[in-house]
Amino acid sequence: MIEILADSPDDGALIARAIGSDTRVVNNSVRFANGGAHAECRILGCRHPIRAERIELLRKIERDAPWVPVILVTDHTPDLAHRLRDIRVAAVVWYADVRTELKPRIVAVKRSVPLLRLAKQVEEAKLPPALRSGLAYRYWNSRRPRWYGGALCR
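Take 9 as the starting number for the sequence shown in our numbering and just add one per residue.
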């Protein structure tokens with residue numbers, strides 16, 4: 009199941025149509041952040057400018073459920089990298105490319121889910137602290153892009 013939260017019902021419908029089946033559009037950010045463990049992926053659709061509460065929502069999801077990857081669908085703007093410099097998302101797709109780029113990104117992101125869940129298990133395992141943190145770091149950072157110096161890096 010892929011959960012979608014968008015700034016408008018039209019954007020939610022656009023994203024859902026681009027994916028096809030097995031989606032659920034959520035209209036509440038609390039419900040989106042606390043989504044069930046059955047979610048394979050979450051997609052957050054934000055128009056420019058991205059509101060501060062959406063950035064906080066991304067931080068909450070990263071902190072509370074990092075094993076569920078989040079794809080951000082947004083407008084291509086020059087200040088986007090600056091706004092997201094401290095946020096990790098599994099992928100970024102521009103609204104202009106949502107029909108052609110979203111499905112391939114979902115496929116790629118779903119491949120990372122087992123590694124993310126393994127990282128969560130390693131963090132909770134009874135291992136020497138240095139080994140536990142090193143393994144968890146490696147799994148968390150194996151497939152997740154991050155913004156560096158204004159560019160999206162893998």
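Even for Gly, the Cβ is constructed at its ideal location relative to N, Cα and C.
Give the straight-line distance between the Cα atoms of residue 81 and residue 145, rounded to the nearest whole angstrom.
-> Cα to Cα, the separation comes out at about 26 Å.
Is the closest heavy atom of the ligand NAP to the C-beta of residue 83 under 7 Å?
-> In the structure on display, the ligand NAP does not appear, and there are no ligands present to speak of.
Beta-carbon proximity check, residue 26 vs residue 20, cutoff 8 Å = For the 8 Å CB-CB criterion, residue 26 and residue 20 do not form a contact.
Can you list the alpha helix (DSSP H) stretches of 4 or more residues lying completely in the segment 22–74, in chain order?
-> Counting only runs of 4 or more residues that sit fully inside the segment 22–74, the alpha helix (DSSP H) segments are 37–41 and 60–72, in chain order.
Run through DSSP, which three-state label would residue 101 get?
-> Correct three-state label for residue 101: strand.
Cβ neighbours of residue 84 in the same chain (closer than 6 Å, five flanking residues each side left out) = Within the same chain, residue 84 has close Cβ partners 102.
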